[in-house]
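Taking the numbering used here, the leading residue of the sequence shown gets 1, the next gets one more, and so forth. C-beta: ideal position from N, C-alpha, C; glycine also. Bear in mind that the values here come from a model prediction, so they are computed numbers and not experimental data. Heads up: the structure comes next, in structure tokens.
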Amino acid sequence: MNDLDKLFEAARAVRERAYAPYSDFLVGAALRTPDGTVFTGCNVENASYPVSVCAEGGAVSAMVAAGYREIAEAVVIGDAALCTPCGMCRQRLKEFGMPELVVHVADLNGIRRSFTMDELLPAAFELEDKSNNRKD
Ligand code: THU
């Protein structure tokens, strides 16, 4: 299995653990860091709807908590024609995305489309000083 197949499988597997009783829309996300480590997240909804966390948010938090701060490749999977990351998650991914980050959008059968970060979030807001944002 190549790296992208593994990332797809990780996203597919974690999607099954999503907690989405309100929307009934399960999402999984898998991120690969430059050294090949994979982090995953699923959406976790809440009775107070805005408290819900997207799959990408969970995966980014897991990655940062483990001491990683760079995303080389990502897969997002949902049972929809095109489960692209929401606007807030595009900004989340941008924060840690390597310049060449590609976000693959998948349905249950496989990857449907692949986007560069710039395609997902053109003219993104960024602060220039990321000196505190990289591990030494
Ligand atoms: N959702 C994600 O977790 N990621 C996406 O990329 C799209 C949407 C979640 C949020 C909510 O729990 C459910 O999908 C329906 O919007």
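With 16 or more other Cβ atoms from the protein chains shown falling within 10 Å of its own Cβ, P85 counts as buried.
Look at the beta carbons and you see the region 18 to 30 touching the region 69 to 77: at least three pairs across the two are nearer than 8 Å.
Per the Cβ contact rule, the region 88 to 95 is not in contact with the region 32 to 46 (fewer than 3 Cβ pairs under 8 Å). With a threshold of 16 other beta carbon atoms within 10 Å, M98 falls short and is exposed. In the three-state reduction of the DSSP assignment, S61 falls in the helix class, which pools H, G and I. Taking C89 as the centre and dropping the five residues before and after it, the same chain places the C-beta of C54, E56 closer than 6 Å to its C-beta, in chain order. Residue pairing of F39 in beta bridges, as defined by DSSP: L31.
The three-state secondary structure of E70, taken from DSSP, is coil.
Per the DSSP secondary-structure output, G78 pairs in a beta bridge with V27.
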